[in-house]
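A.B. asks: Have a look at this one.
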Amino acid sequence: MKKVDCPLCIDDGGICLVRTKQYRIVAPREPEFLGLIRVIWNDHVVEMTDLEISPRNDFMRAVYFVEESVRQMMHPDKINLASLGNVVPHLHWHIIPRWLDDSYFPLPIWGQRQREISAEKVSQRQSDEQLLMRHIQEQQLEG
Numbered sequence: 007m008k009k010v011d012c013p014l015c016i017d018d019g020g021i022c023l024v025r026t027k028q029y030r031i032v033a034p035r036e037p038e039f040l041g042l043i044r045v046i047w048n049d050h051v052v053e054m055t056d057l058e059i060s061p062r063n064d065f066m067r068a069v070y071f072v073e074e075s076v077r078q079m080m081h082p083d084k085i086n087l088a089s090l091g092n093v094v095p096h097l098h099w100h101i102i103p104r105w106l107d108d109s110y111f112p113l114p115i116w117g118q119r120q121r122e123i124s125a126e127k128v129s130q131r132q133s134d135e136q137l138l139m140r141h142i143q144e145q146q147l148e149g
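Quick note, the sequence shown lines up with residues 7 to 149 if you use the working numbering.
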């Protein structure tokens, strides 16, 4: 079921890397947050416990797969997992690579900018993000 005024029902919100019957994995392509990936439930569901156990487990396996992929391809110092839904009440997870020198660290990426990062690091992370996106697209995920 889709909701007509829900942005995640209307649009992928970025480049869809994987689409299964249950969920999709999307690179929102936000230049300030390189490597950020979202795992989005396809139907309009608000909370994790709205899902039956089996689909909930499939969904979380996708989140874990993306986290592992981000760690492997982007080499962050930390991963943030966020499922808020306050602004967009549609079930989705943000998998966010964090570096000690990223622009917002140690605050959330939605916080106040703390510093600029070098063009060299941005370039490296852009390259790593391209590899990450290819890696995710090449996987055969079920769900």
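Ideal placement from N, C-alpha and C gives every residue a C-beta, glycine not left out.
By the three-class DSSP mapping on this structure, what secondary structure does Arg119 have?
C.D. replies: coil
A.B. asks: I need the DSSP call for Val128, collapsed to helix, strand or coil.
C.D. replies: In the three-state DSSP reduction, Val128 falls in the helix class (H, G or I).
A.B. asks: Exposed or buried, what is Ser124 when buried is set at 16 or more other beta-carbons lying within 10 Å of its beta-carbon?
C.D. replies: The residue is exposed, with fewer than 16 neighbouring Cβ atoms inside 10 Å.
A.B. asks: Could you spell out where the alpha helix (DSSP H) holding Pro61 opens and where it closes?
C.D. replies: Ile59 to Met80
A.B. asks: Enumerate in chain order the residues of its own chain whose CB-to-CB distance from Phe65 is below 6 Å, with the five nearest sequence positions on each side excluded.
C.D. replies: Result list for Phe65: Tyr29, in chain order.
A.B. asks: Taking a contact to mean a Cβ-Cβ separation below 8 Å, would you say Val128 touches Ile101 in this structure?
C.D. replies: The beta carbons of Val128 and Ile101 sit no closer together than 8 Å.
A.B. asks: Helix, strand or coil for Pro13, going by three-state DSSP, please let me know.
C.D. replies: helix
A.B. asks: Determine whether the beta carbon atoms of Leu23 and Gln146 lie at a separation below 8 Å.
C.D. replies: no
A.B. asks: Identify which residue in Leu90, Val94, Ser60 and Phe39 has its Cα closest to the Cα of Lys9.
C.D. replies: With distances taken between Cα atoms, Lys9 lies closest to Val94.
A.B. asks: Which whole-angstrom value describes the C-beta separation of Trp116 and Val45, a residue pair presumed to lie in contact below a C-beta threshold of 8 Å?
C.D. replies: Rounded to whole angstroms, the Cβ separation of Trp116 and Val45 is 18 Å, and the two are not in contact under 8 Å.
A.B. asks: By Cβ distance below 8 Å, which residues in the same chain neighbour Asn19 in space, the five residues on each side in sequence not counted?
C.D. replies: According to the sequence shown, residue 19 is Gly rather than Asn. Pro13, Val32, Pro34, Arg44 and Ile46.
A.B. asks: Near Leu106, what residues of its chain come up, given a Cβ to Cβ distance below 6 Å and the 5 sequence neighbours on each side ignored?
C.D. replies: Asp83
A.B. asks: Quick one, which of Asn63, Ser89, Asp17 and Tyr70 has its alpha-carbon nearest Asn48's?
C.D. replies: Of the residues Asn63, Ser89, Asp17 and Tyr70, the one whose Cα lies closest to the Cα of Asn48 is Asp17.
A.B. asks: Taking a contact to mean a Cβ-Cβ separation below 8 Å, would you say Arg119 touches Ser133 in this structure?
C.D. replies: no
A.B. asks: If you run the structure through DSSP and keep just helix, strand and coil, what is Arg30?
C.D. replies: strand
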